[in-house]
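Here our numbering is used: the first residue of the sequence shown is 33, the next is one more, and so on. A short worksheet on the structure shown next.
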Amino acid sequence: MQLCSIYRKAYGMFISSGILFDHTSEARGEDNLTQMVAVWAAKMMLGNYEDLNVGNLNARRDWSYAKDFVNAMWLMLQQDKPDDFVIGTGEQHTVRELIEKAAETAGAEISWTGSGKEEKGLCTKAKQFLGFILIRLWLDQ
Numbered sequence: 033m034q035l036c037s038i039y040r041k042a043y044g045m046f047i048s049s050g051i052l053f054d055h056t057s058e059a060r061g062e063d064n065l066t067q068m069v070a071v072w073a074a075k076m077m078l079g080n081y082e083d084l085n086v087g088n089l090n091a092r093r094d095w096s097y098a099k100d101f102v103n104a105m106w107l108m109l110q111q112d113k114p115d116d117f118v119i120g121t122g123e124q125h126t127v128r129e130l131i132e133k134a135a136e137t138a139g140a141e142i143s144w145t146g147s148g149k150e151e152k153g154l155c156t157k158a159k160q161f162l163g164f165i166l167i168r169l170w171l172d173q
């Protein structure tokens, strides 16, 4: 964003930029959470009931539809004056809410078992190839 602002001011260029929160569409692969849930719900609508295994059900995200974001980008370019924008819904929803809404849409009831997985970043490759090492753990601050 800062680079866009610099070019706008220095060269008078019409440059708008956006910070895009999570957005998804049908184009995502089935390994993506929202697609995984959508495929699961579609199978349930067809009577194919199967378990859906996910990680942290309490993780919260500001999810949006990618086509809405494309429209927002187009609208950014229609403004009289270029600017920087944050694009999202302004709301957070849990993974559990996403799954419950999908099940409701599919007309199916769900039951919850298990307690979810602990999430942590697997940074082995970054350590190996980039020499990435944490300077300070945020808990130590």
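Note that CB positions come from ideal geometry on N, CA and C, so glycine has one too. Please read all numbers here as calculations on a predicted model, not as lab measurements.
Val118 lies in the beta strand (DSSP E); which residues open and close that run? Asp116 to Ile119
7 Å CB neighbourhood of Asp115 in its chain, flanking five on each side removed: Ser48
Pick from Glu132, Thr126, Ala140 and Glu141 that is closest to Leu89, judged by C-alpha positions: Thr126
Going by DSSP in three states, Leu84 sits in which element: helix, strand or coil? coil
Classify Ala74 as helix, strand or coil using the three-state DSSP reduction. helix
By the three-class DSSP mapping on this structure, what secondary structure does Leu35 have? helix
Asp94 versus Tyr39: straight-line alpha-carbon distance, rounded: The straight-line gap from Cα to Cα measures roughly 30 Å.
Assign Thr66 to buried or exposed, taking buried as 16 or more other Cβ atoms, counted over all protein chains shown, within 10 Å of its Cβ. buried
Around the Cβ of Gly87, are there at least 16 other Cβ atoms within 10 angstroms (buried) or fewer (exposed)? exposed
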